[in-house]
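Colleague: My structure is below; once you've seen it, I'll send some questions.
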Amino acid sequence: MSTNNALRRALLAATAAGALVVLGGCADGTHPGAAAVVGNEQISVSEVQDLTTAANDGIAEAAVKLKEPGLTLTPDVVISSLVQAALVEQIAARRSVTPTPAEIATAEKEFNFRPVVAEGFQLGGQLTQDFKVALVRTALSTAKLGGSTSIADQNASAAGGRIIAEELKNIEITISPRYGKWDPAAGLDTKASGSLSELSPQTKAIKDAEEAKRQAEQQQPQG
77 MSTNNALRRA LLAATAAGAL VVLGGCADGT HPGAAAVVGN EQISVSEVQD LTTAANDGIA
137 EAAVKLKEPG LTLTPDVVIS SLVQAALVEQ IAARRSVTPT PAEIATAEKE FNFRPVVAEG
197 FQLGGQLTQD FKVALVRTAL STAKLGGSTS IADQNASAAG GRIIAEELKN IEITISPRYG
257 KWDPAAGLDT KASGSLSELS PQTKAIKDAE EAKRQAEQQQ PQG
């Protein structure tokens, strides 16, 4: 998910300290074969592997078709985006925020996918087509949490990001260490890089809100 660090950042959601724990093999509350668990939703290892393969096959085909350089999506990047999608979906549901099909269609036009990625997801089949919609839906839900139906509305995306940061304490996230290392201040730290799109406003807003919260806590006087 490989060209520069923008891809990793674009698919990560910053989470509050303590909200994410590392998956043990068969620890309480975890499940064998799980790549991650977000609240009540489990993401399986096979799901991550199948999606990674389908996406890379589609992007490789698109690169030839469009005569453009391709890129490689790695499993840790795929799981980062799946975790973010599940997280935002659950928070949006708690706030009774549901994107409509028409809003999703408009947001897809606003989302700045690289052409080779957009075409690759189309060529990759149902798995990657659903993945693309999930990325768009995540951006749209964040904007709607902030009061707008446009993912181009940076103020709304920032407001939505702050709401997500506030809600993180209510959702437990577990991730298998094979996909990266958890950094409470920065989110899921992976070795992957690349660029599907520029850093999305909603992701930046979440990260900025969490960093501000962390700094405020550090500055509080000790009793």
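Counting from 1, position 58 in the sequence shown corresponds to residue 134 in the numbering used here; the numbering is continuous, with no gaps. For glycine and all other residues, C-beta sits at the position ideal for the given N, C-alpha and C.
By the three-class DSSP mapping on this structure, what secondary structure does ALA138 have?
Modeller: Stepping through the sequence shown from its first residue, residue 138 is reached at position 62. Reduced to three states, the DSSP call for ALA138 is helix.
Colleague: What span of residues does the beta strand (DSSP E) with SER120 cover, start to end?
Modeller: What you label residue 120 is simply residue 44 of the sequence shown in a count that begins at 1. Taken as a continuous stretch (DSSP letters only), the beta strand (DSSP E) holding SER120 covers 117-120.
Colleague: Just to confirm my understanding: we take VAL173, look at its own chain, exclude 5 residues before and 5 after, and list those with CB closer than 7 Å. What are they?
Modeller: Locating residue 173 in the sequence shown gives position 97, counting from the first residue. For VAL173, where only same-chain residues beyond five positions count, the Cβ hits under 7 Å are SER217, LYS220 and LEU221.
Colleague: Exposed or buried, which one is SER122 when buried takes at least 16 other CB atoms within 10 Å?
Modeller: To locate residue 122, count along the sequence shown from 1; it is residue 46. The residue in question, SER122, is exposed, as its Cβ has fewer than 16 Cβ neighbours within 10 Å.
Colleague: Helix, strand or coil for ARG170? Go by DSSP, reduced to three states.
Modeller: For this step, residue 170 is matched to residue 94 along the sequence shown. Correct three-state label for ARG170: helix.
Colleague: Leaving aside the five residues before and after GLU179 along the sequence, list all residues of the same chain whose C-beta is less than 7 Å from its C-beta, in chain order.
Modeller: For the purposes of this step, residue 179 is taken as the residue at position 103 of the sequence shown. For GLU179, where only same-chain residues beyond five positions count, the Cβ hits under 7 Å are LEU216 and THR225.
Colleague: Please identify the residue among THR129, ALA131 and ALA210 whose C-alpha is closest to the C-alpha of GLN166.
Modeller: In the sequence shown, residue 166 corresponds to position 90, counting from 1. The residue with the shortest Cα to Cα distance from GLN166 is ALA210.
Colleague: Is ILE247 helix, strand or coil when you go by DSSP?
Modeller: Position 171 of the sequence shown, counting from 1, holds the residue named residue 247. Looking at ILE247 - three-state DSSP - the assignment turns out to be coil, as it is neither helix nor strand.
Colleague: Note down, in chain order, each residue of its chain lying with its Cβ closer than 8 Å to the Cβ of ALA247, except the 5 sequence neighbours on either side.
Modeller: Translated into positions along the sequence shown, residue 247 becomes position 171. Here residue 247 is Ile; the residue named in the question, Ala, does not match the sequence. Only ALA95, VAL114, GLY115, LEU163, GLN166 and ILE167 meet the Cβ criterion.
Colleague: For a quick check, are the C-beta atoms of ILE119 and ALA130 less than 8 Å apart?
Modeller: Start at 1 with the first residue of the sequence shown, and residue 119 comes out as number 43. Start at 1 with the first residue of the sequence shown, and residue 130 comes out as number 54. Contact: no.
Colleague: May I ask which residues mark the beginning and end of the alpha helix (DSSP H) holding ALA183?
Modeller: Start at 1 with the first residue of the sequence shown, and residue 183 comes out as number 107. Residues 177-186.
Colleague: With distance defined between alpha-carbon atoms, name the residue in PHE187, GLU195, SER233 and ALA169 nearest to ALA136.
Modeller: Position 60 of the sequence shown holds residue 136. Minimum Cα distance to ALA136 is reached at GLU195.
Colleague: My assumption, with CB atoms under 8 Å, is that PHE197 sits in contact with PHE187. Please give the rounded CB distance.
Modeller: Start at 1 with the first residue of the sequence shown, and residue 197 comes out as number 121. Start at 1 with the first residue of the sequence shown, and residue 187 comes out as number 111. Actually they do not touch by this definition, with Cβ atoms about 11 Å apart.
Colleague: If you measure between the beta carbons of VAL192 and ILE155, is that distance less than 8 Å?
Modeller: Position 116 of the sequence shown, counted from the first residue, corresponds to residue 192. Position 79 of the sequence shown, counted from the first residue, corresponds to residue 155. No.
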